[in-house]
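In what follows, a single structure is set out as structure tokens and then discussed.
2 protein chains.
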Amino acid sequence: MSNPSKALRDFTYGLYVVTTEINGEPKGAVVSFVTQVSSSPKAVAVGLRKGTAIHDFVRQTGKFVLHVLSVEQKSLAESIYKSGQGADLPQELALGKTESGLPLLRDALSWVEVRVTEEAGEKTDHRLFIGEVVDGDKIRDGKPASLFDVGLSYGG
Amino acid sequence: MSNPSKALRDFTYGLYVVTTEINGEPKGAVVSFVTQVSSSPKAVAVGLRKGTAIHDFVRQTGKFVLHVLSVEQKSLAESIYKSGQGADLPQELALGKTESGLPLLRDALSWVEVRVTEEAGEKTDHRLFIGEVVDGDKIRDGKPASLFDVGLSYGG
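Right, here's the structure in full:
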């Protein structure tokens, strides 16, 4: 008896936060469907569920910051997840700005800023936003979280 | 000083093997750029470096099996990597077949079989093959490998 869901739950993911800005307001959401897709030029792909606020905002702006959270930041991820109906961010979050003015999570492990160059996922429930990395850095040392590490799961 | 490569090296990946069949021959390669992109319908995206044999074979056939390796299978991955110039598979590999006849790694943790429905990555050095999951299962219990766990890295 075939059970692809069980296999999909064995896929390994990191714990990421996407941010962008709409009308001067910082917006963000926790995401997992993330992969690099190119080293030269540097590019990444992020899957955002169609119909969510963050999906619509990234589609509208064509740019976002993708942050990597570390293994001890499950509660940070949960606070963003809980406040996240309209992709609003918790008030207490330490936010800076990238050089181009996008919201930067100061407590993240590292981040890349992305300009969307391509979309994919006509038939899928998440849309893939593929984009070139135009900036980014490691903020501090630490172990990147995997969803398994922090006892979370997505997909399946 | 911006350093996006350092940030990209913090991304978390699993350890996967893609297989397909060309002229009755099983072919395969170790891959890392993998994510689910849809739960309904179930779909995944896999990034394969343009110009590699596995890229060309998957593009030609439009179908593949994506296997998840467990944390103790670094040496299995390395044996596939080493024999992999033309995406040939090591002779000693325990191979079965999926119902549709594609090569199945019997020692993997789990697997999904995929029919490519869309490609992306016009400007990237890997092409993203996005496809619907048509079959799959968990073969055995075990901990899925992350590249960090097994001391490997890709991307950056």
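Note that the protein sequences, when read in sequence, are chains A and B.
Just add 179 to the spot in the first sequence (first one is 1) and you have our numbering.
Just add 179 to the spot in the second sequence (first one is 1) and you have our numbering.
Even glycine gets a Cβ: it sits at the ideal position worked out from N, Cα and C.
Beta-carbon gap between residue i and residue j smaller than 8 angstroms
| i | j | result |
| --- | --- | --- |
| residue 334 of chain B | residue 262 of chain A | no |
| residue 199 of chain B | residue 237 of chain B | yes |
| residue 206 of chain A | residue 267 of chain A | yes |
| residue 213 of chain B | residue 196 of chain B | no |
| residue 250 of chain A | residue 329 of chain A | yes |
| residue 316 of chain A | residue 186 of chain B | yes |
| residue 312 of chain A | residue 223 of chain A | yes |
| residue 194 of chain A | residue 248 of chain A | yes |
| residue 326 of chain A | residue 192 of chain A | yes |
DSSP beta-bridge partners of residue i
| i | result |
| --- | --- |
| residue 193 of chain B | B/325 |
| residue 311 of chain A | A/222 and A/294 |
| residue 289 of chain B | B/247 and B/317 |
| residue 234 of chain A | In the DSSP output, where bridge partners are listed per residue, residue 234 of chain A has none listed. |
| residue 299 of chain A | A/307 |
| residue 242 of chain B | B/294 |
Minimum C-alpha distance to residue i - residue among the options
| i | options | result |
| --- | --- | --- |
| residue 310 of chain B | B/203, B/245 and B/201 | B/245 |
| residue 190 of chain A | B/314, B/288 and B/257 | B/288 |
| residue 241 of chain A | A/328, A/188 and A/293 | A/293 |
| residue 318 of chain A | A/327, A/234 and A/277 | A/277 |
| residue 182 of chain B | A/326, A/291, A/308 and A/184 | A/291 |
| residue 201 of chain B | B/306, B/316, B/234 and B/229 | B/234 |
| residue 331 of chain A | A/243, A/252 and A/315 | A/252 |
| residue 227 of chain B | B/299, B/203, B/185 and B/314 | B/299 |
| residue 336 of chain A | A/208, A/232, A/188 and A/229 | Absent from the model: residue 336 of chain A. The displayed extent of chain A is 180 to 335, so no value can be given. |
| residue 301 of chain A | A/279, A/229 and A/203 | A/229 |
| residue 279 of chain A | A/184, A/188 and A/203 | A/203 |
| residue 337 of chain A | A/284, A/275, A/239 and A/231 | No answer is possible for residue 337 of chain A: it lies beyond the span of chain A, which begins at 180 and ends at 335. |
Where residue i falls, given that 16 or more other Cβ within 10 Å makes a residue buried
| i | result |
| --- | --- |
| residue 324 of chain A | buried |
| residue 270 of chain A | exposed |
| residue 264 of chain A | exposed |
| residue 273 of chain A | exposed |
| residue 322 of chain A | exposed |
| residue 220 of chain B | exposed |
| residue 215 of chain A | buried |
| residue 260 of chain A | exposed |
Heavy atom of the ligand MG within 7 angstroms of residue i beta-carbon
| i | result |
| --- | --- |
| residue 228 of chain B | Among the components of this structure there are no ligands whatsoever, and the ligand MG is therefore not found. |
Report the residue ranges of all beta strand (DSSP E) runs contained in full by the region 247–286 of chain A; include only those spanning at least 3 residues, in chain order.
-> 274–276 and 282–284
Pick out the complete beta strand (DSSP E) segments inside the region 192–229 of chain A, 3 residues or longer, and give them in chain order.
-> 195–201, 204–210, 213–218 and 221–228
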